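Counting from 1, position 176 in the sequence shown corresponds to residue 176 in UniProt numbering; the numbering is continuous, with no gaps. Glycine residues also receive a C-beta, built at the ideal position from the N, C-alpha and C atoms. These numbers come from a predicted model, not from an experiment.
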Amino acid sequence: MSNANSSSIDASEDVAVKAVNKRYEGLVTVRTKAVKGKGAWYWAHLEPILIRNPDTNMPKAVKLKCTLCDAAFSASNPSRTASEHLKRGTCPNFSLMLKPISQLPPLASPSSQQNHRKRSSQSQQAVGTSSNVYPISMVDSSRFRSETSFPPAQTVQAPGVTLKPLVLSGGKEDLGPLALLENSVKKLKSPKASPNPTLSKDQVNTAFEFLADWFYESCGSVSFSSLEHPKFKAFLNQVGLPAVSKREFSSARLDSKFEEARMESEARIRDAAFFQVASDGWKSKNSTNANQCLVNFMVNLPNGTRVFQKVVYSAGGSMPSQYAEEVLSETIQGICGNDVQRCVGIVADKFKAKALRNLELQNHWMVNFSCQVQGFFSLIKDFYRELPLFRSVSDNCLKIAYLINSTQHIRNSFHKFRLQGLGFAGYIRVPPPKCDISKNLAPFIAMLDDLISCSRILHLIVLDDSYKVVCLADITARECADMIQDVGFWNDVEAAHSLVKMIMGMAEDIEDERPLVGQCLPLWEELRTKVKDWCTKYNFSEGPVQRIVERRFKKNYHPAWSAAFVLDPLYLVRDASGKYLPPFKFLTHEQEKDVDKLVTRLVSKEEAHIALMELMKWRSEGLDPLYAQAVQVKQRDPVTGKMKIANPQSSRLVWETCLKEFKSLGKVAARLLFLHATSCGIKCNWSFARWFCGQGHSSSGLERAQKLVFVAAHAKLERRDFSSAEEKDAELFGTMSGEDDMLNEVLADTSSI
């Protein structure tokens, strides 16, 4: 038994000895190659040594000995040892000076390799006897080392050698080329650059998949040519990736991504019983070039999912209604073929009076209406055209702004006070000379913003002596001074500014929250309440203001608003008996008639009387209180902090499950309640819009552009990201207050609504 134990111990000792010897031989081999210029720099100062057992004389460990100070260290991590002992100054004999060029060993060719050591020693002796050779390390080459990854050569300064200041014939301008010369010598000495990270084939493919996703989702912000930019190629090489082919990214890989996204979108549409088409972009939102127009087509599904369909390029900013009608009809057929009854409605930002109305008459099952956001924008224009307040404020503000901007003495005072108050100098923004403010309110709002922000400065200016001098000869200056000092003027400016901001704030909320058609009547009622409060606050007569609101309401109104409002369990009202009944009492007599007409239109002639009877039953009985309360449950949105409906789909699901006895009315309710009240789609970057428009005369280019925008839009919808890159950048740099795009929306013509 003892013999067996002793033999096992001997065997384990033999294994340990072999491992130590193998480690030692490996380090010796590495050091030998490094000394010849094929390894790390620190091996010139670190030497592997074997530590033997004093009793058995057998190797028991491997150490690294510093050849400069004879200190010994663990051999487990030579690189860390070199860093801690040599570079950090622990070794007393180690110098951080670079080796002079004259001390570098001559470059050995294959035929002269055997004489390399001899010539090197002769060169070393020559350096020792010369005091006129200066090391390159006297030049601060760290500034010129961005193109190389070689560590500086490390030497021990020979005792007795006095370093004199380096004098070059070209002066300080020679330091850069001299540092490059040093780098070239080191590269020639050690031609093998540090190896790049090695990635497996799967890792490379995965990296390119992520790169392609980012590139396509950027949607024009990054051009295809950028993929072959030298710096981008250098980056790919640095991280161990091969070069990217822009041809592959614009053809095979794009085709693959497009097919994947298209198949997923079509599967979702096939899975739905019916859908709504949303079309946005008929009104050009680019005031700088209204002739470049991209029209987005989305598909809204009953489960709340939105699917991107396509983008249509139109070369003209103003398109005939008949053309829009044809495009909409072709789009519907392209989605569902001959089964056009699956499309239960269209929402668009234009053509309510003609194209949408005609399609609704041709297809009795359709419910087509205009976007709510556009309705609110149009109301702002109505106020500017019809409310005298806006004309008065516009004329007076223009007079003040032109005086400040055009009179040098006043402008200098304005800049002086503004620098003290706001930290920057600038002009008051005014609308361009040929700008029709009734169609383009953005410059008008910008002018109001500037004047309100500078109101305190303007009061100081009119009290300044330089302004009083101008007033002596300029009657306009005196009129402006009177206005600036008039409290009534500022009340009017604030009133106009407040009304526009209030309506735009509601429009912004509508665009963000994307309400359904059942919410249209409550939204306009909320607007009426806010307008009434505005009239009270600024002492305006309600009559003229409310008449403007009512005219715009009638232009935008659709009977589906009333029908969806009373059919949506979300708006059921509890009566004294505890029943939850539809809110018919909030409808006018005409709106009640609209509900009856719409319900009978959306069902077959045979079902019309049944649907009306079911509508009467719904009006008198309502919904089970428990289900009504469940539908109306709200929760706080973690992002906005607002209270929102916890389950928006529950209104439709109640009709399809708990209210099955309403067979005819239930079909109408299910098709109405999911309809979106806005047409807002994916916001494309203007760089992409310009590129897309440039492909209009090339069939292959247009097809590639369609695929690119489809892939990008599909990805954005998956992330529920509806903003553009420009908006995100503007938010990052603080150059956009969140209203600029809203103002640009107002640029569109509203004559068709």
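Taking 8 Å as the threshold (C-beta atoms), are residue 518 and residue 580 in contact?
No. Outside cutoff.
Taking DSSP as the reference, what is the three-state secondary structure of residue 557?
Coil.
For residue 680 versus residue 514, is the C-beta distance shorter than 8 Å?
Against a cut-off of 8 Å, the Cβ pair of residue 514 and residue 680 comes out as a contact.
Note down the Cα distance separating residue 503 from residue 376, rounded to an integer number of angstroms.
Taking the straight line joining both Cα atoms gives about 7 Å.
Spatial neighbours of residue 399 within its chain, please: CB distance less than 8 Å, with the 5 preceding and 5 following residues excluded, ordered by chain position.
476, 479, 480 and 483, listed in sequence order.
Residue 65 bridges to which residues according to DSSP?
For residue 65, which the question treats as bridged, DSSP gives the partners 47 and 72.
Checking 8 Å against the spacing of the C-beta atoms, do residue 383 and residue 347 come in under that value?
No, the Cβ-Cβ distance between residue 383 and residue 347 is not below 8 Å.
Do residue 359 and residue 279 have their CB atoms nearer than 8 Å?
The answer is no: Cβ separation not under 8 Å.
Would you list, in sequence order, the uninterrupted alpha helix (DSSP H) runs of no fewer than 4 residues that lie entirely inside the region 388-439?
As far as the region 388-439 is concerned, its whole alpha helix (DSSP H) runs of at least 4 residues are 388-406 and 408-422.
Counting only the same chain and skipping the five closest in sequence on each side, list residues whose C-beta sits under 6 Å from that of residue 569.
Once the five neighbours on either side are set aside, the close Cβ partners of residue 569 are 623, 628, 631, 651 and 654.
Quick check: what's the CA-CA separation for residue 60 versus residue 36?
Straight-line Cα distance between these residues: approximately 29 Å.
Work out the CA separation of residue 247 and residue 310 for me, nearest whole Å.
Approximately 23 Å between the Cα atoms of the pair.
So for residue 276, helix, strand or coil by DSSP?
Strand, per DSSP.
Does residue 121 pass the burial test, meaning 16 or more other C-beta atoms within 10 Å, or should it be called exposed?
With a pLDDT of 43 at residue 121, under the threshold of 50, the predicted position of this residue should be treated as unreliable, though the coordinate-derived value follows. Burial call: exposed.
Would you identify the three-state DSSP class for residue 610, choosing helix, strand or coil?
Residue 610: helix per DSSP, three-state reduction.
Helix, strand or coil for residue 635 per DSSP?
Looking at residue 635 - three-state DSSP - the assignment turns out to be strand.
Reducing DSSP to helix, strand and coil, say where residue 240 ends up.
Looking at residue 240 - three-state DSSP - the assignment turns out to be coil, as it is neither helix nor strand.
For a test of the three-state rule: what should DSSP assign to residue 506, helix, strand or coil?
Of the three classes helix, strand and coil, the one that applies to residue 506 here is helix, per DSSP.
Let me know if residue 536 comes out buried or exposed under the rule of 16 or more other beta-carbons within 10 Å of its beta-carbon.
Per the 10 Å Cβ criterion, exposed.
Smallest Cα separation from residue 507: which of 618, 567, 461 and 378?
The option with the nearest alpha carbon to residue 507 is 378.
Between which two residues does the beta strand (DSSP E) holding residue 710 run?
It is not in any beta strand (DSSP E) - residue 710 instead sits in the alpha helix (DSSP H) that spans 699-719.
For residue 274 and residue 334, what's the separation of their Cα atoms in angstroms?
Going from the Cα of residue 274 to the Cα of residue 334 covers about 14 Å.
Using DSSP bridges, identify the partner residues of residue 795.
Here the chain comprises residues numbered 1 to 753, so residue 795 is not present and cannot be evaluated.
Hey, how far is the Cα of residue 617 from the Cα of residue 582?
Taking the straight line joining both Cα atoms gives about 11 Å.
Go through its chain and collect everything with a Cβ distance to residue 33's Cβ below 8 Å, but skip five positions before and after it.
If we look at residue 33 and ignore the five residues flanking it on each side, its Cβ neighbours are 39.
Between the C-alpha atoms of residue 299 and residue 276, what's the straight-line distance to the nearest angstrom?
Going by the C-alpha atoms only, they are around 6 Å apart.
Thinking just about the alpha-carbon of each residue, which of 66, 75 and 67 is nearest to the one in residue 25?
Comparing Cα-Cα distances from residue 25 to each of 66, 75 and 67, the minimum goes to 75.
Could you tell me the alpha carbon to alpha carbon distance between residue 600 and residue 493, rounded to whole angstroms?
The straight-line gap from Cα to Cα measures roughly 50 Å.
Are the Cβ atoms of residue 324 and residue 355 separated by less than 8 Å?
Their beta carbons are under 8 Å apart, which means residue 324 touches residue 355 by this criterion.
Quick check on DSSP: helix, strand or coil for residue 16?
The answer is helix: DSSP assigns residue 16 an H, G or I state.
Three or more beta-carbon pairs under 8 Å between the region 257-269 and the region 227-244, yes or no?
Result no; under three Cβ-Cβ pairs closer than 8 Å.
Determine the closest residue to residue 439 out of 51, 415 and 385, with distance taken between C-alpha atoms.
When each option's Cα is compared against that of residue 439, the closest is 385.
Give the straight-line distance between the Cα atoms of residue 150 and residue 188, rounded to the nearest whole angstrom.
Interpretation of residue 150 is limited by its pLDDT of 39, a score under 50 that renders its predicted location unreliable; the figure taken from the coordinates is listed afterwards. Looking at the two C-alpha atoms, the distance is approximately 11 Å.
Between the region 174-185 and the region 197-210, can you find at least three pairs of beta-carbon atoms closer than 8 Å?
No, the region 197-210 is not in contact with the region 174-185.
Quick one: what does DSSP say residue 336 is sitting in, helix, strand or coil?
The answer is helix: DSSP assigns residue 336 an H, G or I state.
In terms of DSSP beta bridges, what is residue 348 paired with?
Beta-bridge pairing links residue 348 to 279 and 370.
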